[in-house]
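Reviewing the structure listed below.
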Amino acid sequence: MPGLMRDKVVVVTGAGGGIGRAIAIAMAEAGARVVINDVGASLAGEGASATPAEQTKQLIEQKGGQAAINTDSVASWDSAKRIIQTAMDAFGRIDAVVNNAGILRDVIFHKMSVEDWSSVIDVHLNGSFYVSRAAAEHFRAQQSGAYVHMTSTSGLVGNFGQANYSAAKLGIAALSKSIALDMARYNVRSNCIAPFAWSRMTSSIPASTPEQQARLARIQQMTPDKNAPLAVFLCSDAAKDFSGNVFASRHNEIFLMSQSRPIRSVHRSEGWTADLVAEHAAPALKPSLYPLDRSQDAVVWDPV
Numbered sequence: 126m127p128g129l130m131r132d133k134v135v136v137v138t139g140a141g142g143g144i145g146r147a148i149a150i151a152m153a154e155a156g157a158r159v160v161i162n163d164v165g166a167s168l169a170g171e172g173a174s175a176t177p178a179e180q181t182k183q184l185i186e187q188k189g190g191q192a193a194i195n196t197d198s199v200a201s202w203d204s205a206k207r208i209i210q211t212a213m214d215a216f217g218r219i220d221a222v223v224n225n226a227g228i229l230r231d232v233i234f235h236k237m238s239v240e241d242w243s244s245v246i247d248v249h250l251n252g253s254f255y256v257s258r259a260a261a262e263h264f265r266a267q268q269s270g271a272y273v274h275m276t277s278t279s280g281l282v283g284n285f286g287q288a289n290y291s292a293a294k295l296g297i298a299a300l301s302k303s304i305a306l307d308m309a310r311y312n313v314r315s316n317c318i319a320p321f322a323w324s325r326m327t328s329s330i331p332a333s334t335p336e337q338q339a340r341l342a343r344i345q346q347m348t349p350d351k352n353a354p355l356a357v358f359l360c361s362d363a364a365k366d367f368s369g370n371v372f373a374s375r376h377n378e379i380f381l382m383s384q385s386r387p388i389r390s391v392h393r394s395e396g397w398t399a400d401l402v403a404e405h406a407a408p409a410l411k412p413s414l415y416p417l418d419r420s421q422d423a424v425v426w427d428p429v
């Protein structure tokens, strides 16, 4: 909605392409001044270029918006502070942060290297903490602010070959909830979006069988811009009652995702032994166990 972010300043990490670019453009269209953060690296996090961020800035300015560029990495504390400082230097304030930057190092778990693990955790999970923490002092001082963090159904539900990415993305959901709890007293909100979109992050999906090709065609409908309206809303004052929640956006659908809560319990007043767990607890709990499913098993209908 035009004007929903009027007079606000937002930092969008990973805004040089895909979902991040779409969000940055939508923020500007809604009236925000935008800090475009992107290192211009490959999908695996290699190399660097200012070109993607410059392209996003040009697209924003062509529509009459205002934007500044930062090419620091989210994956260190010092550089994350520089990202937020860019907003202060260019626009004098910071009102919202969208933690979108990410890389992929997809490998089956028993072949995953330590570097595959640590590099993904550093960008996704540590990066979300660093940038959020750097903005927190400003949010606390001005008694307002909003965070939107990109999570994934790969973490919320599960996926093959993504132990690093899944762990980081589920960790981000917990980080967001903790921020929401700790900073509610300062009128600061924090939410997550699990986006569905065709972008660099999904371009490696296999398509060698008819079933895989059909799935790919469905995913390609879900362009990155479909996720932007929800991000803009959650960063705006219109979302003042929304905090500590996880949403998903898929084509024209918006989901409110569940969070872990007890679903079944068993009790013995005299306590448990391992044998009693096997005899009593296990049969009672087994019907409610979750299967080894993945996100496409949990969301089984075609995008609408």
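For the sequence shown, the working numbering assigns the number 126 to the initial residue and increments by one for each residue that follows. Quick reminder that beta carbons are idealized off the backbone N, C-alpha and C, glycines included. These numbers were taken from a predicted model, which means no experiment stands behind them.
Item	Value
Kindly give me the distance between the Cβ atoms of Ser253 and Leu295, rounded to whole angstroms, as I take these residues to be in contact under 8 Å.	Their Cβ separation, rounded to whole angstroms, is 12 Å, which puts Ser253 and Leu295 out of contact at 8 Å.
Who are the Cβ neighbours of Cys317 in its own chain at under 6 Å, not counting the five residues just before and after it?	His274, Thr276, Ala298, Ser301 and Val371
Distance check for Ala221 and Thr138, CA to CA, integer angstroms please.	11 Å
What are the boundary residues of the beta strand (DSSP E) that includes Ser374?	Val371 to Arg375
Would you call the stretch 346–357 and the stretch 140–150 touching, i.e. three or more CB-CB distances under 8 Å?	yes
Cβ of Asn224 within 8 Å of Cβ of Val256?	yes
If you compare alpha carbons, which of Gln345, Ala271, Ala261 and Gly283 is closest to Asp418?	Gly283
Pop quiz: Asp231 and Gly286 are said to be a contact at Cβ under 8 Å. What is the actual Cβ separation, rounded to whole angstroms?	5 Å
Using only the alpha-carbon positions, how far apart do Lys133 and Val159 sit?	9 Å
Tell me which residue opens and which closes the alpha helix (DSSP H) that Met308 is part of.	Ala288 to Met308
Sorted by chain position, which residues of the same chain lie with C-beta nearer than 8 Å to Glu186's C-beta, five sequence neighbours on each side aside?	Ala192
Beta carbon of Ala219, beta carbon of Val245: below 8 Å?	It is Ile, not Ala, that sits at residue 219 in the sequence shown. No, Cβ-Cβ distance for Ile219 and Val245 is not below 8 Å.
Compute the beta-carbon to beta-carbon distance between Asn195 and Thr181, rounded to the nearest angstrom, for a pair I have assumed lies under 8 Å.	Contact doesn't hold; Cβ gap of about 12 Å is too wide.
How do the stretch 368–382 and the stretch 304–322 stand: do at least 3 beta-carbon pairs fall below 8 Å, yes or no?	yes
Using the C-alpha atoms, what's the distance from Ile209 back to Gly190?	19 Å
Strictly by DSSP, which residues pair up with Pro408?	In the DSSP output, where bridge partners are listed per residue, Pro408 has none listed.
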